[in-house]
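The next block holds one structure in the form of structure tokens; read it before the comments.
There are 2 protein chains.
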Amino acid sequence: MKTEKIDKKQAILEAAEKLFCETGYEGTSTRQIAKESGANMAMINYYFGSKEGVFIEIMNNRIAGFASQLRIINEDKISSLEKLHKVIEGYTNRILANTAFHKMMHRELSLTQRPEMYDKIKDAMGQNMLLIDRIITDGIEDGSFNKVDVRMVIATIMGTITNIVIAPNKVVPCSNFDLNNPKDKKIIKERVIAHLQDLTTVYLTAKK
Amino acid sequence: MKTEKIDKKQAILEAAEKLFCETGYEGTSTRQIAKESGANMAMINYYFGSKEGVFIEIMNNRIAGFASQLRIINEDKISSLEKLHKVIEGYTNRILANTAFHKMMHRELSLTQRPEMYDKIKDAMGQNMLLIDRIITDGIEDGSFNKVDVRMVIATIMGTITNIVIAPNKVVPCSNFDLNNPKDKKIIKERVIAHLQDLTTVYLTAKK
DNA sequence: GGAAGTTAATCAATCGTTTGATTAATTTTG
DNA sequence: CAAAATTAATCAAACGATTGATTAACTTCC
Chain A
1 MKTEKIDKKQ
11 AILEAAEKLF
21 CETGYEGTST
31 RQIAKESGAN
41 MAMINYYFGS
51 KEGVFIEIMN
61 NRIAGFASQL
71 RIINEDKISS
81 LEKLHKVIEG
91 YTNRILANTA
101 FHKMMHRELS
111 LTQRPEMYDK
121 IKDAMGQNML
131 LIDRIITDGI
141 EDGSFNKVDV
151 RMVIATIMGT
161 ITNIVIAPNK
171 VVPCSNFDLN
181 NPKDKKIIKE
191 RVIAHLQDLT
201 TVYLTAKK
Chain B
1001 MKTEKIDKKQ
1011 AILEAAEKLF
1021 CETGYEGTST
1031 RQIAKESGAN
1041 MAMINYYFGS
1051 KEGVFIEIMN
1061 NRIAGFASQL
1071 RIINEDKISS
1081 LEKLHKVIEG
1091 YTNRILANTA
1101 FHKMMHRELS
1111 LTQRPEMYDK
1121 IKDAMGQNML
1131 LIDRIITDGI
1141 EDGSFNKVDV
1151 RMVIATIMGT
1161 ITNIVIAPNK
1171 VVPCSNFDLN
1181 NPKDKKIIKE
1191 RVIAHLQDLT
1201 TVYLTAKK
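Protein chains in written order, with our numbering: chain A, 1 to 208; chain B, 1001 to 1208.
And the structure:
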């Protein structure tokens, strides 16, 4: 017989991620997820135990791929500035390649419910911050960077990228661009990277 | 008898804003709002027509107070840099004085439901961006600022502040500070302002 | 006394989840 | 190999609980 077979489980995950991003976790019903994925409602609980189980699986999958990328940079024999530029490039690329998830993550971060999820995100972000912190601190200690408020610089780098992703297209820098259009996204991505690299170069190395 | 008298309406608004911020709009039930405010459930519909009516009223009130503050600055006879510094100070002060609302606003901005609300926030933000845009553009034109990607600089300013408000205390710059503690909040506020003023000064006026 | 404010009780709708049954594929057995 | 037994996947229907909203009666106040 013709058996649809392949991965209704995956279909549920993908539909749920899309819906959670668009309308939020509590704003999405299991019936919507079922309809969107083409699966029966019961399959959600069959595979994931609960609606929250779906959410947790999505976040875990994403966060796993999240953590495993930037580490090597800090071992290269390049200047602190070059390291920082590489991190900016990598970080921007990764976030703009997953804007939907990034929105979801930040939304979750601004809520007090589901503390378990909150902690997970916190830890993932914390690691990235630590990496950047070390690069900048090293640069300051060896005299190649100005003395700056390191944690604030980090907030600036991350905040800029997040702002581009979350704030509405019409409001934000690239007025007529659309992050859902791959071509526009590429342009925005390069613009963000260029800006942040220029900004950090000037701010960290300009003679006062 | 005891007449509670004093503004059950206001109590509902305040309770709802608190809850909406903590657990989101769909994550908050009218029964929770009633309990938290000490009002009967029916009072919500009596005064605001619906749950969404409460939400809209909260947002409208806030946005109204939002728009009416920064305008004067651009008329002062001061340098572009001083104007920008004033805007940064005013903007940071306002956002950190209303962190709960700011979280709510940003969450709403990352959702696709309630487009009416989305547009309202978009317009409010757009006006602030336009103000900053003009100040920086003027500075570039009269030669006092370097040529920069203006909209990206704006994203950096706004993104940095938002990042401080939304990202978790333990992750974000001021590691052991708590935005709910008034004393800590004051310290963070001044640190953000100092950082952004320093950053913009260096980036916009440093000789290359 | 009548308008405004407040209440408990109730409403239909929807929520996430569970159920019992059915189908299709796989494994075991004789 | 094929019949029997077992497992996994899927489904429609229903569950109890909760949702936002409404009702109608009661109280308070001018």
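Every residue, glycine too, gets a C-beta built ideally from N, C-alpha and C.
Because the structure is a prediction, the values reported are computed rather than measured.
Using 8 angstroms as the threshold, is the C-beta distance between residue i and residue j below it?
i	j	result
S180(A)	A1155(B)	Reading the sequence as shown, one finds Asn at residue 180(A) and not Ser. Their beta carbons are not under 8 angstroms apart, which means N180(A) does not touch A1155(B) by this criterion.
I58(A)	E17(A)	yes
G24(A)	E1026(B)	yes
S1080(B)	I1135(B)	yes
A1206(B)	A194(A)	no
A167(A)	L1109(B)	yes
A1124(B)	F1066(B)	yes
M1117(B)	I1056(B)	yes
I1140(B)	T1092(B)	no
L1019(B)	V1054(B)	no
V1153(B)	T1099(B)	no
K185(A)	L96(A)	yes
T30(A)	M41(A)	yes
For residue i, which of helix, strand or coil comes out of DSSP?
i	result
A64(A)	helix
E1014(B)	helix
A267(A)	Since the displayed chain A opens at 1 and closes at 208, residue 267(A) lies outside it and no answer follows.
K1077(B)	coil
N1148(B)	For the record, residue 1148(B) in the displayed sequence is Val; it is not Asn. Residue state, collapsed to three classes: coil.
F177(A)	coil
T23(A)	helix
G1143(B)	coil
G1126(B)	helix
I7(A)	In the sequence as presented, Ile is not what sits at residue 7(A); that position holds Asp. DSSP places D7(A) in coil when its eight states are reduced to three.
G1049(B)	coil
T1137(B)	helix
T1028(B)	coil
Here's the rule I'm using: 16 or more other beta-carbon atoms within 10 Å means buried, otherwise exposed. How should residue i be labelled?
i	result
T1003(B)	Below a pLDDT of 50, predicted positions are generally treated as unreliable, and T1003(B), at 36, falls in that range; the measurement from the model is reported next regardless. T1003(B) should be labelled exposed.
R191(A)	buried
Y203(A)	buried
N45(A)	exposed
T137(A)	exposed
I1157(B)	buried
S1050(B)	exposed
L84(A)	buried
K103(A)	buried
L1130(B)	exposed
What residue does the alpha helix (DSSP H) around residue i start on, and which one ends it?
i	result
N1040(B)	N1040(B) -> no alpha helix (DSSP H), and no H or E assigned at all.
A1167(B)	First-last for A1167(B): undefined, no H or E at that position.
L199(A)	P182 to T205
**Report entry** Every unbroken beta strand (DSSP E) inside the segment 96-122 of chain A [3 residues or more]
**Finding:** none
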